[in-house]
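Residue numbers (the numbering used here), protein chains in the order written: chain A, 1 to 344; chain B, 1001 to 1344; chain C, 2001 to 2344.
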Amino acid sequence: MQFTGSHILSINQFEQQDVEYLFKVADAMQPYAQREKRTRVLDGAILGNLFFEPSTRTRVSFGCAFNLLGGHVRETTDIKTSSISKGESLYDTARVISGYSDVIAMRHPVAGSVEEFSRASRVPVINAGDGPSEHPSQALLDLYTIRKELGIQEPVASLRIAMVGDLKHGRTVHSLSKLLCLYRNIHFTLVSPRELCMPAEIVDYLRSKGHSVVETDNMQTGLNNNDTVYLTRIQEERFSNQSEADLYRGRFRLNQEIYTAHCKPNTVIMHPLPRDSRAEANELDNDLNQHPSLAIFRQTDNGVLIRMALFALTLGVAEEVHKHVEAVSWFTAKRFRNPPPIPT
Amino acid sequence: MQFTGSHILSINQFEQQDVEYLFKVADAMQPYAQREKRTRVLDGAILGNLFFEPSTRTRVSFGCAFNLLGGHVRETTDIKTSSISKGESLYDTARVISGYSDVIAMRHPVAGSVEEFSRASRVPVINAGDGPSEHPSQALLDLYTIRKELGIQEPVASLRIAMVGDLKHGRTVHSLSKLLCLYRNIHFTLVSPRELCMPAEIVDYLRSKGHSVVETDNMQTGLNNNDTVYLTRIQEERFSNQSEADLYRGRFRLNQEIYTAHCKPNTVIMHPLPRDSRAEANELDNDLNQHPSLAIFRQTDNGVLIRMALFALTLGVAEEVHKHVEAVSWFTAKRFRNPPPIPT
Amino acid sequence: MQFTGSHILSINQFEQQDVEYLFKVADAMQPYAQREKRTRVLDGAILGNLFFEPSTRTRVSFGCAFNLLGGHVRETTDIKTSSISKGESLYDTARVISGYSDVIAMRHPVAGSVEEFSRASRVPVINAGDGPSEHPSQALLDLYTIRKELGIQEPVASLRIAMVGDLKHGRTVHSLSKLLCLYRNIHFTLVSPRELCMPAEIVDYLRSKGHSVVETDNMQTGLNNNDTVYLTRIQEERFSNQSEADLYRGRFRLNQEIYTAHCKPNTVIMHPLPRDSRAEANELDNDLNQHPSLAIFRQTDNGVLIRMALFALTLGVAEEVHKHVEAVSWFTAKRFRNPPPIPT
């Protein structure tokens, strides 16, 4: 894969060596994200951060990653403020907005819309989520986290992962599953209510690539003997009616007691966030907040590294980053302290 | 006209020599907008980008122009988030916000409001559209585009232009018409439904300045023998009821077939955008997307140059831009490729 | 108080010497805010400007202050765009967002929420208003303004202040009152309808600290013999029904005639803004707009200095600011002209 000048639309674009290279570049971003030093490599460049669907985490993560490389961010956060409501095509929007940016990160509620947009864009477009379809930077940061947490230096050669919750609507588990197929010998345990199980075509795909897949609606069995447990929220916004979502909320929960009883020691705990911490849902309990295997906040931190790497690669400056280094003089110590106490 | 420190509120402020000077400065911005090099002339300056009415294109264009000169942008995009809903006067808003900015770009739904705001502002204010009234940077970029497309080096001395569509509500055709009156020997052909014709006082003004004006509701005749055809969208948001707008939508359309049949070869095709590409409107068909005379996306690109020039001039740094030049190291090649294919 | 790395949540954190030091740092920010020179001390740092409640003035003021120190701003302006609507806890939001920022300014409608957020944040958090509770930077800028307007160089040793209007709901008068208790010999005159009087616990607190407090619903008596008159708006958004707010609107007004008749010459006129300039309210009339004692716009200008100082102190660069100085080459003269004319 030629990164420079490319759109990043789907994890299907990536071969194993692309992922490995991307992760190397992400590793090299660590000291900048940690504020040990800073770089001005994209000083003067402009990110068009184009969010046609509400998002705080992903939007700010992309913006922050671009700022960390020294660039400016121009943001659009609401479809109502867009010419699209006046009948403008994505083609026109893309031709216009790409004239205002050096690279674009785009989220849109409609599957395929980011790809459609990218065909008319004069600058690289990074898919930040197109409805239920793709969100490649999330899958990449998830895999990157798994490797870091498990201390895997080489390409993944064997892994046992349980995915738990709403596997039908969860975009992240779909993408991560497919991405893991670039590697060998993955054991998937898919834990969900039958009605919210992983789509059959994805299960078939995983098996066709030679991986083992077990599907179950039994949480306790499912948690057994994994390297990683990946929990998800009931995606209530994708249900046609709220009362249907209520049926499933709170059915699969992980807390300290269940973890100790059923998970192998040091099983890495992941979640794409946001987690639903309301009492009726609470799929991942706050009593694990200080557990050393809880990786959920390291996931979001890793997201910044992955997005920095994607910007550096698509704009062709991955090897230039270190030529524009300056010192950091402000207070940064707090970032490295222990996890904050469990909220009461 | 003294640009430095001035508000830019109306095209009525401009004399011919001001326009000529502005366009020279805009020409000099080209290499920065094209990313051949970059400038830090406004590094540290702050633009207050104040949009009390939804806008993507214009808002991002102003922000991008300011970033391209090296400055920061602080943005307000929604009137609901404003103190104005608590009874604050524009006078107060202006005195406060102008303390947070070096220059302000402002859009507001009420005619005259930007001028009212500017009277209390301590920094230059650029009108980015005050309801149906003025949008001077749009008229300037339109004229700049006409000259570039037709290869006119000197002040315009003769021009045949057809304006088509909703000439009653279209702020851009009003402003462009008046701006063209600074030049000699303009032939206007005004094509619209009778009910949406150009306001009589503007027609009278054009004639009083010695220009020829023909009004018609016949599209075919109207397209004949022009240097430029300027199409507009039915401004449905300015109609009191939607069904009235529906009467006119789709009545004047330009597509490949009509262009070939009725327009002089190389007639420049313009549109202020957004164009309404829904089937029932489609005033400018996508089948012209790759036509070399389609200037609509060069218009928006030129908008960045014009806005860079307006910032540089009002802040008095037009002659300083080139003293703060640095190299661009990131990927920029895509900007120069051919138009993307016609969407299907 | 150790500023570096600290959260700024409440004026209760401040002792007299902290306020004095903060004001010294704010004084030193003046030439940067006035554009006599500029600094890049926070070049590369990121402010997370997190507004879960609408605000223009405070939001832009924090952003501007950070830009003036050279930093980037990543903004979130609407709770609807937040994961909180999907059941995310403030703990999670804080752990995630604090990974994207070097410092956070946060406004939230719920009292105590900023403090809750700060407990999980890895970076310093500055409270930009948590509902009816605290807004420390406003109280600090108010006190800073009083001192500058009255030419007080040393800690305040004696002051006569009248507070007028909705003293029940006005967050700013609560905080300023408490902050003034750090000093000696303050005479408070509290002018309000009985139903909107200052909460008894605050009055008791002021008296317990040895200050004199007079409560009255007579505007004319109340205005007599003060150094400063601090007016407030009826906080209609905090009333349970609008018609109740209507009872009080317009009952206590200051204009040129009343000022001349009842105020000591040179009494400083303050207001936290926005003022309600609609005819039925108009608590501070526009006919005082050019009065030399009208300090309301200097208050907002001082707010930038106070916020620059808070950023510089919490990030530990207060002594570094002057080591990163550069010249300002753009037009800045307008900032220093006379007040604009009274709007008609």
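Positions of the beta carbon are idealized from the N, C-alpha and C atoms, including for glycine.
For clarity, every value in this text was computed on a predicted model and none was experimentally measured.
Checklist entry - At a CB-CB cut-off below 9 Å, which residues of chain B make contact with S1966 (chain C)? => result Outside the displayed range of chain C (2001 to 2344) lies residue 1966 (chain C), so it cannot be described from this structure.
Next on the checklist: Can you pull out the residues from the stretch 2302-2329 of chain C whose beta carbon lies closer than 8 Å to at least one beta carbon of chain A?
Outcome noted: Those would be T2314, L2315, G2316, V2317 and E2320, in chain order.
Checklist entry - Near T2039 (chain C), what residues of its chain come up, given a Cβ to Cβ distance below 8 Å and the 5 sequence neighbours on each side ignored? => result Hits under 8 Å: Y2032, L2068, L2069, G2070, V2321, H2322, H2324, V2325 and E2326.
Checklist entry - Given H1271 (chain B), which residues of its chain have a CB within under 6 Å of its CB, disregarding the five upstream and five downstream residues? => result L1231, L1284 and I1296, listed in sequence order.
Next on the checklist: Need the endpoints of the alpha helix (DSSP H) that G1222 (chain B) sits in, please.
Outcome noted: In the DSSP assignment, G1222 (chain B) falls within the alpha helix (DSSP H) that extends over M1219 to L1223.
Next on the checklist: Using the three-state DSSP reduction, which class does Y230 (chain A) fall into: helix, strand or coil?
Outcome noted: Three-state DSSP puts Y230 (chain A) in a strand.
Item to check | Per-residue DSSP class, three states only, for F2311 (chain C) | outcome: DSSP places F2311 (chain C) in helix when its eight states are reduced to three.
Item to check | Reduced DSSP secondary structure (H/G/I, E/B, other) of L9 (chain A) | outcome: Here L9 (chain A) sits in coil by DSSP.
Checklist entry - What residues from the stretch 234-265 of chain A come within 7 Å of chain B, judged by C-beta to C-beta, listed N to C? => result In summary, no residue of the stretch 234-265 of chain A has a CB separated from any CB of chain B by less than 7 Å.
Next on the checklist: Under DSSP, the beta strand (DSSP E) around L1348 (chain B) begins and ends at which residues?
Outcome noted: Outside the displayed range of chain B (1001 to 1344) lies residue 1348 (chain B), so it cannot be described from this structure.
Checklist entry - Taking the beta strand (DSSP E) that F188 (chain A) falls in, what are its first and last residues? => result Residues I186 to V191.
Item to check | Complete runs of the beta strand (DSSP E) confined to the stretch 2224-2305 of chain C [at least 3 residues] | outcome: For the stretch 2224-2305 of chain C, whole beta strand (DSSP E) runs of length 3 or above, ordered along the chain, are 2228-2231 and 2268-2270.
Next on the checklist: Run through chain B and tell me which residues come within less than 7 Å of S2061 (chain C), C-beta to C-beta.
Outcome noted: Within 7 Å Cβ-Cβ: Y1100.
Item to check | P1136 (chain B) beta carbon less than 8 Å from that of E1177 (chain B) | outcome: Note on residue identity: the sequence assigns Ser, not Glu, to residue 1177 (chain B). With respect to the 8 Å criterion, S1177 (chain B) and P1136 (chain B) are not classified as neighbours on the basis of their beta carbons.
Next on the checklist: Per the DSSP calculation, I1104 (chain B) is bridged to which residue(s)?
Outcome noted: Beta-bridge pairing links I1104 (chain B) to B:G1048 and B:V1125.
Checklist entry - Distance, Cα to Cα, S2329 (chain C) vs S1121 (chain B)? => result Near 20 Å, if we compare the C-alpha coordinates of S1121 (chain B) and S2329 (chain C).
Next on the checklist: What would DSSP say about A33 (chain A), mapped onto helix, strand or coil?
Outcome noted: Shown here, A33 (chain A) sits in a helix according to DSSP, grouped into three states.
Next on the checklist: At the level of alpha carbons, what is the spacing between T1216 (chain B) and T1189 (chain B)?
Outcome noted: Looking at the two C-alpha atoms, the distance is approximately 8 Å.
Item to check | Segment limits, alpha helix (DSSP H) that includes E2115 (chain C) | outcome: Annotation: the continuous alpha helix (DSSP H) that includes E2115 (chain C) extends over S2113 to A2120.
Item to check | Every unbroken alpha helix (DSSP H) within the stretch 1129-1159 of chain B, with a cutoff of 4 residues, ordered by chain | outcome: The alpha helix (DSSP H) runs lying completely inside the stretch 1129-1159 of chain B and spanning 4 residues or more are 1136-1150, given in chain order.
Next on the checklist: Below 8 Å on the Cβ atoms is my contact criterion, and I expect P292 (chain A) with D2092 (chain C) to pass it. Report the Cβ-Cβ distance as a whole number of Å.
Outcome noted: Cβ-Cβ separation between P292 (chain A) and D2092 (chain C): approximately 18 Å, too far for a contact (criterion under 8 Å).
Next on the checklist: So if I threshold CB-CB distances at 9 Å, which residues from the stretch 109-131 of chain A count as touching chain B?
Outcome noted: Contact residues of the stretch 109-131 of chain A toward chain B are E116, R119, A120, S121, R122, V123 and P124 (C-beta to C-beta distance below 9 Å).
Item to check | Through-space distance from L2150 (chain C) to I2161 (chain C), alpha-carbon basis | outcome: Looking at the two C-alpha atoms, the distance is approximately 12 Å.
Next on the checklist: Going by DSSP in three states, T2081 (chain C) sits in which element: helix, strand or coil?
Outcome noted: Caution applies to T2081 (chain C), whose pLDDT of 46 falls short of 50 and renders its modelled position unreliable; the model cannot decide the point.
Next on the checklist: Does the CB of A200 (chain A) have a neighbour CB from chain B at under 8 Å?
Outcome noted: At a cut-off of 8 Å between beta-carbon atoms, A200 (chain A) makes no contact with chain B.
Checklist entry - What do you get for R1233 (chain B), buried or exposed, if any count of 16 or more other CB atoms within 10 angstroms of its CB means buried? => result With 16 or more other Cβ atoms within 10 Å, it is buried.
Next on the checklist: Taking 8 Å as the threshold (beta carbon to beta carbon), is N67 (chain A) in contact with chain C?
Outcome noted: Using beta-carbon distances, N67 (chain A) counts as an interface residue toward chain C, with a partner under 8 Å.
Next on the checklist: Residues in the same chain with beta-carbon distance under 8 Å from A2026 (chain C), minus the five sequence neighbours each way, listed in chain order, please.
Outcome noted: Counting only Cβ-Cβ distances below 8 Å, and skipping sequence neighbours, we find Y2144, N2302, L2305, I2306, M2308 and A2309.
Checklist entry - Which residues in the same chain have their Cβ closer than 7 Å to the Cβ of T1267 (chain B), if we skip the five residues on either side of it in sequence? => result Non-local C-beta neighbours of T1267 (chain B) in its own chain, meaning closer than 7 Å and more than five positions away in sequence, comprise N1226, D1227, T1228, V1229 and S1293, ordered along the chain.
Item to check | Residue burial classification, A279 (chain A) (beta-carbon count within 10 angstroms, cutoff 16) | outcome: With fewer than 16 other Cβ atoms within 10 Å, it is exposed.
Checklist entry - Short check: CB of S1127 (chain B) to CB of S1010 (chain B), under 8 Å? => result Correcting the residue identity first, residue 1127 (chain B) is Asn in this sequence and not Ser. Yes, these two residues count as a Cβ contact at 8 Å.
Checklist entry - L90 (chain A) and F117 (chain A): beta carbons closer than 8 Å? => result For L90 (chain A) and F117 (chain A), yes; Cβs fall inside 8 Å.
Next on the checklist: Which of the three DSSP states is assigned to T39 (chain A) in this structure?
Outcome noted: Judged by DSSP in its simplified three-state form, T39 (chain A) adopts strand.
Item to check | Reference A2281 (chain C); option with closest CA among C:L2254, C:A2045 and C:S2061 | outcome: Minimum Cα distance to A2281 (chain C) is reached at C:L2254.
Next on the checklist: Check for me: the alpha helix (DSSP H) holding V60 (chain A) runs from which residue to which?
Outcome noted: Looking at the DSSP string, the run of the alpha helix (DSSP H) that includes V60 (chain A) is R57 to L68.
Checklist entry - Does the beta-carbon of R1147 (chain B) have 16 or more other beta-carbons within 10 angstroms, so that it is buried, or is it exposed? => result By the neighbour-count rule (16 or more Cβ atoms within 10 Å), R1147 (chain B) is buried.
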